[in-house]
Amino acid sequence: MSLCLHASDPAAVESAAQRLAAGSLVGMPTETVYGLAADAGNASAVQRIFEAKGRPSDHPLIVHIPPAEAGGWRAAVAPFAREVPAFAAALMQAFWPGPLTLILPRRPEVAAVAAGGQDSVGLRCPSHPVAQALLRAARAHGVHGVAAPSANRFGRVSPTTAAHVAEEFAELPDDALLILDGGACPVGIESTIVDCSRGAPVLLRPGLITPAQIEAACGQPLRARDEAAPRASGTLESHYAPRAKVRLMAAPQLKAALDVLGPDAKHIAVYARAPLKTARGVALRRMPDDAAQAAQALFAVLRELDATGVKLIWVETPPEGADWDGVRDRLQRASA
Numbered sequence: 056m057s058l059c060l061h062a063s064d065p066a067a068v069e070s071a072a073q074r075l076a077a078g079s080l081v082g083m084p085t086e087t088v089y090g091l092a093a094d095a096g097n098a099s100a101v102q103r104i105f106e107a108k109g110r111p112s113d114h115p116l117i118v119h120i121p122p123a124e125a126g127g128w129r130a131a132v133a134p135f136a137r138e139v140p141a142f143a144a145a146l147m148q149a150f151w152p153g154p155l156t157l158i159l160p161r162r163p164e165v166a167a168v169a170a171g172g173q174d175s176v177g178l179r180c181p182s183h184p185v186a187q188a189l190l191r192a193a194r195a196h197g198v199h200g201v202a203a204p205s206a207n208r209f210g211r212v213s214p215t216t217a218a219h220v221a222e223e224f225a226e227l228p229d230d231a232l233l234i235l236d237g238g239a240c241p242v243g244i245e246s247t248i249v250d251c252s253r254g255a256p257v258l259l260r261p262g263l264i265t266p267a268q269i270e271a272a273c274g275q276p277l278r279a280r281d282e283a284a285p286r287a288s289g290t291l292e293s294h295y296a297p298r299a300k301v302r303l304m305a306a307p308q309l310k311a312a313l314d315v316l317g318p319d320a321k322h323i324a325v326y327a328r329a330p331l332k333t334a335r336g337v338a339l340r341r342m343p344d345d346a347a348q349a350a351q352a353l354f355a356v357l358r359e360l361d362a363t364g365v366k367l368i369w370v371e372t373p374p375e376g377a378d379w380d381g382v383r384d385r386l387q388r389a390s391a
């Protein structure tokens with residue numbers, strides 16, 4: 056079982072920082088999801104992330120950096136980014152620290168393994184106070200940033216509590232992973248990703264921060280992803296999947312399907328906003344009507360329903376609208 060320490064203890068944060076500096080793995084809370092962290096500048100440490108997750112080595116990781124100090128955000132990203140376009144700097148100023156990842160041209164001598172071999176690198180500064188404390192402490196030990204994809208097996212449901220992380224990596228040796236328990240993640244889905252490496256902002260993954268907010272902050276129209284876009288975390292067709300098969304359904308379709316099954320609706324769980332009557336024994340959870348609340352609860356609910364041993368999880372399709380894009384994206388990939 057992994058060692059889990061409560062992040063309210065400053066000694067726990069310092070211990071985690073020392074482990075990062077020594078090339079070990081740390082489960083760290085962020086405002087989005089828990090990350091499986093390693094020194095981004097240590098190739099062998101980053102390789103341990105890929106091995107622990109079962110993640111393909113060409114699927115890039117996001118590097119988390121400590122908050123800006125006197126030199127501002129350009130100085131904060133300088134250890135990893137060789138160029139910062141003006142519109143990217145404007146996005147940093149508007150949304151960092153926060154749930155926004157920017158893809159920037161990478162310094163060729165750093166973080167090649169974390170970047171999946173690409174000449175660009177994804178960077179963000181998390182707003183979670185424990186993540187910030189850990190990143191500052193790690194910097195004092197010579198760690199300028201940590202690669203930290205979601206702390207789960209590759210392609211599975213992302214973790215939003217320390218207990219989720221411990222469940223995911225229960226088979227690792229006891230000394231292989233230290234988990235900092237910073238409570239439940241307040242955002243609950245991964246960061247919005249914007250490619251800033253090709254002269255114009257390109258949306259690669261939706262999240263809590265909407266396209267309209269991005270365009271307003273950087274003063275440029277946000278382009279759609281194209282074939283020339285760099286590879287980015289969490290953008291494979293199938294991702295975020297529980298063991299049970301997820302099926303997205305409109306509310307009328309969901310009601311009709313439950314009516315047809317009647318009392319034979321075994322091994323099915325339902326997650327919906329619409330009021331539904333289900334057969335006895337069907338696990339039913341109410342999806343919040345607010346997009347941000349639904350995002351915060353999404354992965355925890357999928358894990359809870361999956362743990363009941365059901366074979367199918369039927370989910371009501373989220374409403375249209377940019378504020379639901381992140382939730383809709385995660386569910387579409389979970390059901391792929």
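Just so you know, we're using the working numbering here: the sequence shown kicks off at 56 and counts up by one. The C-beta atom is built at its ideal place from N, Cα and C for all residues, glycine as well.
Leaving out the 5 sequence neighbours to the left and right, which residues in its chain are closer than 7 angstroms to residue i when beta-carbon positions are compared?
{"i": "residue 365", "result": "299, 322, 323, 324 and 338"}
{"i": "residue 276", "result": "270"}
{"i": "residue 390", "result": "301, 302 and 303"}
{"i": "residue 192", "result": "68, 69 and 72"}
On the CB-based measure, 16 or more other CB atoms within 10 Å of its CB, does residue i come out buried or exposed?
{"i": "residue 57", "result": "buried"}
{"i": "residue 388", "result": "buried"}
{"i": "residue 225", "result": "exposed"}
{"i": "residue 124", "result": "exposed"}
{"i": "residue 351", "result": "buried"}
{"i": "residue 305", "result": "exposed"}
{"i": "residue 77", "result": "exposed"}
{"i": "residue 293", "result": "exposed"}
{"i": "residue 106", "result": "exposed"}
Would you kindly work out how many angstroms separate the C-alpha atoms of residue i and residue j, rounded to a whole number?
{"i": "residue 182", "j": "residue 342", "result": "26 angstroms"}
{"i": "residue 255", "j": "residue 147", "result": "15 angstroms"}
{"i": "residue 180", "j": "residue 312", "result": "44 angstroms"}
{"i": "residue 218", "j": "residue 382", "result": "22 angstroms"}
{"i": "residue 174", "j": "residue 135", "result": "11 angstroms"}
{"i": "residue 238", "j": "residue 258", "result": "30 angstroms"}
{"i": "residue 335", "j": "residue 361", "result": "18 angstroms"}
{"i": "residue 316", "j": "residue 369", "result": "13 angstroms"}
{"i": "residue 167", "j": "residue 137", "result": "13 angstroms"}
{"i": "residue 64", "j": "residue 211", "result": "30 angstroms"}
{"i": "residue 201", "j": "residue 190", "result": "8 angstroms"}
{"i": "residue 74", "j": "residue 171", "result": "23 angstroms"}
{"i": "residue 178", "j": "residue 296", "result": "25 angstroms"}
{"i": "residue 118", "j": "residue 91", "result": "11 angstroms"}
Among residues of its own chain, excluding the 5 on either side of residue i, which ones have a beta-carbon nearer than 6 angstroms to its beta-carbon?
{"i": "residue 241", "result": "86"}
{"i": "residue 384", "result": "261"}
{"i": "residue 116", "result": "169, 202 and 204"}
Tell me which residues share the same chain as residue i and place their Cβ nearer than 8 angstroms to its Cβ, disregarding the 5 neighbours each side in the sequence.
{"i": "residue 70", "result": "60 and 233"}
With a cut-off of 8 angstroms, does the C-beta of residue i fall near any C-beta of chain C?
{"i": "residue 256", "result": "No chain C is present in this structure, which holds just one protein chain."}
Count the C-beta pairs between the region 179-199 and the region 81-91 that are closer than 8 angstroms, then say yes if the count reaches three, no if not. Because the criterion of three Cβ pairs below 8 angstroms is met, the region 179-199 and the region 81-91 touch.
Complete runs of the alpha helix (DSSP H) confined to the region 260-320 [at least 4 residues]: As far as the region 260-320 is concerned, its whole alpha helix (DSSP H) runs of at least 4 residues are 266-273 and 306-316.
Looking at C-beta atoms only, is the number of pairs between the region 205-220 and the region 155-164 that lie closer than 8 angstroms three or more? Contact between the region 205-220 and the region 155-164 is absent: fewer than 3 CB-CB pairs across the two stretches fall below 8 angstroms.
Would you check if the region 244-254 and the region 96-112 touch, i.e. whether three or more CB-CB distances between them fall below 8 angstroms? Taking 8 angstroms as the limit for Cβ pairs, the verdict is that the region 244-254 does not touch the region 96-112.
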